[in-house]
Amino acid sequence: MTTPTQLPGFWSRLSLAFGAFFKAAGDAEFAARVRDDQVGPVAAPAPAPVPTPAPTPVAPVAPAPTPLRVNTPESALQLLTLLQREARLIDFANENLASYADADIGAAARVVHEGCARVLKEHFTIAPVRTEAEGARVTLEEGFDAASVRLTGNVVGKAPFKGTLSHRGWRATDVRLPQLAKEHDASVIAPAEVEL
1466 MTTPTQLPGF
1476 WSRLSLAFGA
1486 FFKAAGDAEF
1496 AARVRDDQVG
1506 PVAAPAPAPV
1516 PTPAPTPVAP
1526 VAPAPTPLRV
1536 NTPESALQLL
1546 TLLQREARLI
1556 DFANENLASY
1566 ADADIGAAAR
1576 VVHEGCARVL
1586 KEHFTIAPVR
1596 TEAEGARVTL
1606 EEGFDAASVR
1616 LTGNVVGKAP
1626 FKGTLSHRGW
1636 RATDVRLPQL
1646 AKEHDASVIA
1656 PAEVEL
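Just so you know, the sequence shown maps onto residues 1466 to 1661 in this note's numbering.
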C-alpha cells in the first residue's frame, strides 16, 4: 500500500470507520477484502443531497417613471397678464369682499366674467371632451382615455363602466397666445400705475 501524504484527522477517521462498518455489514466481498487487507482507504459515504431551496418569488419591477417635461412659467404668466388686463381677475381675487353688499359683488363678478370670457374666446379654441349632454348615461369601454375622463363615485372593478355624465370636460384645441419679445419680463403681470 502507498503511504498517504497526509494522515486523516479524528473526525475523518470516525467517518471512514462508520462508512467501512456499514459497507462491510452489507457487502460480503468488501468485508473479505478488508479482512485480507486488499482495500485501500474507504471513501466516506456520499453525503445526502441537500435539497435546493425553492426560488424566492421576485416582486415585479415597477416600470421606470415617465420623465416629466420641464415647463417654463412664461405662458402661464402671459395668461395671467391677459386675465388681469381684460378682467381685473387678480384685483378681484385679492379684494376682501366681506365689507361689500352682495349686489356690489355681483356687479363686480359680471365685469370679471365678461373679461375672462373675452380672453378665452380671443386666445383659445375650447371644445367639450364628451359630446353627450350632461346627465346622459354613458359606457366607457376597456382602454378608455383616463386622461380625458375621470371616474368619480363608487369606482370598483374594471371596464366597461356605465355611469352618468356629470360634466362634459373641456379640451383646448387651439392656443393663440401673443409672442413675447426676448427681453420681455413675463413675471410683471400688471405694471404699477403712477398718475401724474
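Don't be surprised by glycine CBs; every beta carbon is placed ideally from N, CA and C.
This structure is a prediction, so every number in the text was calculated from the model and none was measured.
May I ask you to report which of helix, strand or coil DSSP gives residue i?
i     : result
F1626 : strand
T1663 : This structure cannot speak to residue 1663, because the chain is shown only from 1466 to 1661.
L1533 : coil
A1646 : coil
V1603 : strand
A1637 : strand
L1616 : coil
L1554 : helix
L1661 : coil
A1493 : helix
A1541 : helix
Using CA coordinates, which residue listed in the options is at the minimum distance from residue i?
i     : options                    : result
A1598 : H1632, K1623, T1617        : H1632
A1592 : A1573, R1500, S1613        : S1613
T1596 : I1654, G1634, I1555        : G1634
E1551 : V1576, A1558, V1621, A1566 : V1576
F1557 : S1564, A1601, A1574        : A1574
Excluding the five sequence neighbours on either side, which residues of its own chain have a C-beta within less than 8 Å of the C-beta of residue i, listed in chain order?
i     : result
F1589 : A1637, D1639, V1640, R1641
A1651 : P1538, E1539, L1542, Q1543, T1546, L1645
D1569 : none
R1500 : none
Suppose you measure from the CA of residue i to the CA of residue j; what does that come to, to the nearest Å?
i     : j     : result
L1548 : C1581 : 6 Å
G1518 : V1526 : The sequence as given places Pro at residue 1518; Gly does not occur at that position. Going from the Cα of P1518 to the Cα of V1526 covers about 23 Å.
A1624 : P1530 : 24 Å
T1629 : V1603 : 6 Å
P1643 : E1587 : 11 Å
D1610 : P1656 : 42 Å
A1566 : V1594 : 38 Å
Is there at least one non-hydrogen atom of the ligand HEM closer than 7 Å to the beta-carbon of residue i?
i     : result
F1557 : In the structure shown, the ligand HEM is absent, as is every other ligand, since no ligand is present at all.
Here's a check: name, in chain order, each residue in its chain whose Cβ is nearer than 7 Å to the Cβ of residue i, leaving out the five neighbours to either side.
i     : result
I1654 : L1542, L1545, T1546, Q1549, I1555
task = Could I get the ranges of all uninterrupted beta strand (DSSP E) runs contained in the region 1556–1595, with 3 residues as the minimum, in chain order?
result = 1589–1593
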